[in-house]
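In terms of this note's numbering, the sequence shown has 133 at position 114, counting the first letter as 1, and numbering is strictly consecutive. From the three backbone atoms N, C-alpha and C, an ideal C-beta is built for every residue, glycine too. If you're wondering where the values come from, they're calculated on a predicted model, not measured in any experiment.
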Amino acid sequence: MMDDILLLQTIERYLEGKMLPEEKAFFEQHRKNVPEVDQMVVEHSMFIHQMEDYAANHNLKHSIHLAHEKLLANGDINEGGVTTTKGKVIKMWTKYRKVTAIAAVVGGAIAFLISALVAYYAPAPNQHYLAQLGVKVEQQEKKITDLNNKIKESKLPETAIVKSGGSAFLIDGNGYLITNSHVLEGATFANVYNNQGKEFKAVIAFRDEKRDLAILKIDDEDFVTVKSLPYSIKRTNTDLGEEVYTLGYPNFPRNQVVNNIGYISAETGYEGDTLSYQIQMNANHGNSGGPVLNKYGEVIGVLSTKQLKADGVIFAINSRNIYRLVDEMKKKNEDNESIKINSSSSLRGNDRVSQIKRVKEFVYMVKAYNK
Numbered sequence: 020m021m022d023d024i025l026l027l028q029t030i031e032r033y034l035e036g037k038m039l040p041e042e043k044a045f046f047e048q049h050r051k052n053v054p055e056v057d058q059m060v061v062e063h064s065m066f067i068h069q070m071e072d073y074a075a076n077h078n079l080k081h082s083i084h085l086a087h088e089k090l091l092a093n094g095d096i097n098e099g100g101v102t103t104t105k106g107k108v109i110k111m112w113t114k115y116r117k118v119t120a121i122a123a124v125v126g127g128a129i130a131f132l133i134s135a136l137v138a139y140y141a142p143a144p145n146q147h148y149l150a151q152l153g154v155k156v157e158q159q160e161k162k163i164t165d166l167n168n169k170i171k172e173s174k175l176p177e178t179a180i181v182k183s184g185g186s187a188f189l190i191d192g193n194g195y196l197i198t199n200s201h202v203l204e205g206a207t208f209a210n211v212y213n214n215q216g217k218e219f220k221a222v223i224a225f226r227d228e229k230r231d232l233a234i235l236k237i238d239d240e241d242f243v244t245v246k247s248l249p250y251s252i253k254r255t256n257t258d259l260g261e262e263v264y265t266l267g268y269p270n271f272p273r274n275q276v277v278n279n280i281g282y283i284s285a286e287t288g289y290e291g292d293t294l295s296y297q298i299q300m301n302a303n304h305g306n307s308g309g310p311v312l313n314k315y316g317e318v319i320g321v322l323s324t325k326q327l328k329a330d331g332v333i334f335a336i337n338s339r340n341i342y343r344l345v346d347e348m349k350k351k352n353e354d355n356e357s358i359k360i361n362s363s364s365s366l367r368g369n370d371r372v373s374q375i376k377r378v379k380e381f382v383y384m385v386k387a388y389n390k
C-alpha cells in the first residue's frame with residue numbers, strides 16, 4: 020500500500036514537471052522497462068485531465084450562480100416580484116443594456132458548458148475512444164481543392180475525387196504494398212508517391228476491414244521492380260519494452276517522410292485486442308499504414324489507431340496478420356501466387372539512422388480516390 024502511494028506521488032511529480040533531469044531520465048527508463056508503471060502513468064494522466072475539466076466546469080457554474088445572485092440583489096433582474104412600467108422604452112434600454120450584455124454572456128457560457136459536457140461524456144460512435152490515423156481529405160476543403168486542381172497535372176482521370184490518405188510500404192518488390200483498410204475508405208482506387216514525390220498508379224488488390232488491412236498493387240509502367248527489400252516482416256510476437264520506430268506521412272498531403280520512436284507498452288491492443296500492440300509513441304493523422312520496425316530492421320506491425328484522451332498511446336496491427344492477409348488473397352486469386360514476403364532482414368547490425376536511409380524509399384504516401 021505504501022509503495023503504491025509513493026509511486027503515485029512520483030508519477031504526479033513527473034506529470035507536473037517537478038523532477039530533476041537525472042531523475043526524469045531514470046523514471047522514463049523505468050516506464051520503458053516496466054509496462055505496468057507506464058500504464059499507471061497514462062491512466063493517472065487521464066484521471067488528472069478529467070479532474071481538471073470537472074473543476075473548470077464547477078468553477079464556471081459557480082461564477083454564473085454568483086452573477087445571477089448579484090443581479091437579483093441589485094434589482095437588475097426580477098424573479099416573480101412586482102414589476103413596474105415606469106419610463107419609456109428608450110430609458111429601459113439605457114438602463115438594462117448592460118444587463119442584457121451580461122445575460123448574453125451568461126447564456127453563451129451556459130450553452131458552451133452544455134456543449135462541452137455533451138462532447139466530453141458522449142462516446143465516439145463505433146470507435147471505442149480510438150481515432151484512426153488516416154486522413155479524411157473530404158473534411159479539409161482547402162486541401163481537397165488544391166489536390167483536385169493538381170489532378171489535371173497527374174496520372175489521374177479528371178473525374179477523380181480525393182477521399183482519404185495515409186501511408187503504405189512495400190511487402191513485395193513487384194509493387195505490392197500494405198496499408199490500413201480505413202485509409203481506402205470510400206475509395207475505388209489509389210495513387211502512391213515515393214519519398215522523392217514520384218507518382219505511381221495503383222489498384223486496390225485486397226481489403227480486410229476486420230483486420231483493418233489492405234493490399235495495393237502498383238500498376239504503372241514507370242515503376243521499377245525492387246530486387247530485394249532490406250527489411251523483413253516478422254512472424255512472431257515482439258517483447259514488452261522493446262524499442263521501435265515508424266516512418267510515414269503525417270504531413271499529408273505534403274510529401275515528407277517523418278520518423279517517430281517509441282516502445283511496446285502492452286502485448287495487446289485496446290481492450291485486450293489480440294490483433295494489435297499498444298505502443299508508447301507520438302503519431303498523427305497520415306501515419307496510418309506506416310511500418311513499425313524494431314532495431315533489427317524487422318517490421319513488427321502496421322500503425323493504425325491512437326487512443327483519445329491519452330497522449331502518446333497508439334496501436335499497431337501485429338505483422339503476422341500480413342502473412343494471413345496475403346494467404347487469403349492468394350486463395351481468392353491465383354494471379355497473386357507469386358507474392359513473396361521477405362523473412363530475412365539485411366539491416367541487422369545497422370543503427371537506426373542507417374536503417375531509415377534504406378527503408379524510407381520503400382514507404383509511400385497514399386492518396387485514395389473515387390471517380
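Exposure of residue i, with buried meaning 16 or more beta-carbon neighbours within 10 Å
i: Y73; result: exposed
i: H49; result: exposed
i: N256; result: exposed
i: K25; result: A small fix is needed here, since residue 25 is Leu in this sequence, not Lys. Exposed.
i: L85; result: exposed
i: V202; result: buried
i: D57; result: buried
i: Q28; result: exposed
i: L39; result: exposed
i: D231; result: buried
i: T293; result: exposed
i: K253; result: buried
i: G368; result: exposed
i: S338; result: buried
i: G36; result: exposed
i: S64; result: buried
i: S373; result: exposed
i: V108; result: With a pLDDT of 48 at V108, under the threshold of 50, the modelled position of this residue cannot be trusted; read the value that follows with caution. Exposed, because fewer than 16 other Cβ atoms sit within 10 Å of the Cβ of V108.
i: F45; result: exposed
i: S295; result: buried
i: Q326; result: buried
i: E71; result: exposed
i: K229; result: exposed
i: A92; result: exposed
i: N78; result: exposed
i: E404; result: Any property of residue 404 remains undetermined from this structure, which presents the chain solely from 20 to 390.
i: A387; result: buried
Where residue i falls: helix, strand or coil (DSSP)
i: V53; result: coil
i: I360; result: coil
i: K379; result: helix
i: Q48; result: helix
i: M384; result: strand
i: V372; result: helix
i: K325; result: strand
i: A179; result: coil
i: E35; result: coil
i: N303; result: coil
i: T207; result: coil
i: Q28; result: helix
i: Y212; result: strand
i: E317; result: strand
i: N279; result: strand
i: N352; result: coil
i: L90; result: helix
i: N76; result: helix
i: D292; result: coil
i: D346; result: helix
i: S186; result: strand
i: L85; result: helix
i: E8; result: For the chain, the structure presents residues 20 to 390; residue 8 sits outside this window and is missing.
i: D191; result: strand
i: N389; result: strand
Distance between beta carbons of residue j and residue i, contact taken as under 8 Å
i: I298; j: A335; result: 6 Å
i: T245; j: G308; result: The residue you asked about is not Thr; residue 245 is Val in the sequence shown. Wrong, their Cβ atoms sit about 18 Å apart, outside the cutoff.
i: I190; j: I341; result: 6 Å
i: K220; j: D238; result: 6 Å
i: S362; j: S251; result: 5 Å
i: F188; j: P310; result: 5 Å
i: I197; j: N278; result: At roughly 19 Å, the Cβ-Cβ gap does not stay under 8 Å, so I197 and N278 are not in contact.
i: D241; j: S200; result: No, D241 and S200 are not in contact; Cβ-Cβ is about 27 Å, not under 8 Å.
i: F260; j: K51; result: Reading off the sequence, residue 260 comes out as Gly, not Phe. Right, their Cβ atoms sit about 5 Å apart.
Min CB distance residue i to chain B below 8 Å
i: G305; result: The chain labelled as chain B is not found in the depicted structure, where only one protein chain is given.
Which runs of the beta strand (DSSP E) spanning at least 3 residues fall entirely within the region 222 to 261, listed in chain order? The DSSP assignment places 232 to 237 as complete runs of the beta strand (DSSP E) inside the region 222 to 261, in order along the chain (cut-off: 3 residues).
With a cut-off of 8 Å, do at least 3 Cβ pairs link the region 352 to 368 to the region 206 to 215? These segments do not touch.
On the three-pair Cβ rule with 8 Å, is the region 246 to 254 touching the region 278 to 286? Here the region 246 to 254 makes no contact with the region 278 to 286; the two share fewer than three CB pairs at distances below 8 Å.
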